[in-house]
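Using this note's numbering, the letters of the sequence shown correspond one by one to residues 6 to 111. Presented below is the structure to which this report refers.
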Amino acid sequence: MATSSKFNITNDASHDIPYMCNSPRLYQGLHALRPKESVAFEVVDIMFPLVWCYAQLNDTYHGVFWAFATKLGCTDICRWSLKDEGAFYLREDGKPEEHRLFDNAF
């Protein structure tokens, strides 16, 4: 049976953040996410979604993060906050949990 997973990524940094996600519902090129702007998307997968996103937080800190990972425990929607100091998964209780980017993946 197919399942559906929802994702929301918000730019909470002080500048534009170039990003790209591998969702088939999003244009596959690099986008600019402006401060306070969000992107939301949904994927359907038979077992579990393999969704990654690339973000360039600044000239030296950029890379890939898994937008969905079973260990995150997303039940309704996987929420992410991109900040000047890193990428943060927003837990169900609203507390941010920092996640290291796979540096210089591209």
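For glycine and all other residues, C-beta sits at the position ideal for the given N, C-alpha and C. On a predicted model such as this, the values are computed, not experimentally measured, just so you know.
Per the DSSP calculation, S49 is bridged to which residue(s)? Rather than Ser, the amino acid found at residue 49 in this sequence is Val. DSSP output for V49 lists S9 as bridge partner(s).
Could you give the residue range of the beta strand (DSSP E) that holds E103? E103 -> beta strand (DSSP E) spans 101-104.
Would V49 be called buried (16 or more neighbouring beta carbons within 10 Å of its own) or exposed? Exposed, because fewer than 16 other Cβ atoms sit within 10 Å of the Cβ of V49.
For M25, which option in R105, K41, G91, V56 has the closest C-alpha, if you only look at C-alpha atoms? The residue with the shortest Cα to Cα distance from M25 is V56.
Nearest neighbour of R39, chosen from D98, G68, P23, E103 [CA to CA]: Closest by alpha carbon: P23.
Close-in-space but distant-in-sequence residues of the same chain around G91 (CB under 6 Å, 5 per side omitted): The residues are E103.
Residues bridged to T15 by DSSP? In DSSP, T15 forms a bridge with S43, S86.
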